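When the letters of the sequence shown are read in order and numbered with full-length UniProt numbering, they come out as residues 1 to 136. By construction, the Cβ of each residue, glycine as well, lies at the ideal position given by its N, Cα and C atoms. Bear in mind that the values here come from a model prediction, so they are computed numbers and not experimental data. Have a look at the structure below, then the notes.
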Amino acid sequence: MLVSPFAGRISKRVGVGITLRGGLLLAIIGLGSMGMISNLPLLIVMSILFVAGIALAVPSLVSLVGQVGGKMRGIAVSVYTFILFTGTSFGPIISLQLMNHASYLITFLLLACILCIGLIAACLIHHEEAGELNSQ
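Right, here's the structure in full:
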């Protein structure tokens, strides 16, 4: 989570959308590879990569929801927060059920696939950056 404070600087430099997609990509690589690795030091590195990706993606997503929400920004952030807490509530339950009925590899790959859906959705979001809005 030490990466999270740098998300703003990175977003300012490359844009919120690119930061979000990059963070999700890091999280997908880290999570997807954790089921395939049995080497403890490499497993720790992949876990750190996953958390770093999430630490970049979450602040970027909050910022993006605020930008895209426009005048309805408060409601948009509230809906985002509801979805976030729903995922954090049901995520562990679903993960445990997957691990009980399938292997760790399948569990981590399925969770990485869920992040892939989020990455595809992030790629489909088209908005203008704040600087582009001010110049028009």
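- So is Phe-108 buried or exposed if we call it buried at 16+ other beta carbons inside 10 Å? buried
- Message: Suppose the cutoff is 7 angstroms on Cβ atoms and the five residues either side in sequence are ignored; what does the same chain contact list for Met-72 look like?
- Response: none
- Message: Going by DSSP in three states, Gly-15 sits in which element: helix, strand or coil?
- Response: coil
- Message: Beta-carbon within less than 8 angstroms of Ala-55's beta-carbon, same chain only, minus the 5 sequence neighbours each way: which residues are those?
- Response: Met-1, Leu-2, Val-3, Ser-4, Ala-7, Gly-23
- Task: Round the Cβ separation of Ser-47 and Gly-30 to the nearest angstrom and send it over; I've been treating them as touching at under 8 angstroms.
- Result: 7 angstroms
- Exposure of Thr-81, with buried meaning 16 or more beta-carbon neighbours within 10 Å: exposed
- For the stretch 28 to 45 against the stretch 80 to 98, are there 3 or more C-beta pairs whose distance is under 8 angstroms? no
- Query: If you count every other CB in all the chains shown that lies within 10 Å of the CB of Leu-124, and 16 or more means buried, which is it?
  - Reply: exposed
- Out of curiosity, what's the CA-to-CA distance linking Thr-19 and Gln-97? 32 angstroms
- Cutoff 8 angstroms; reference Gly-66; Cβ partners in own chain excluding five residues on either side: Arg-73, Ala-76, Val-77
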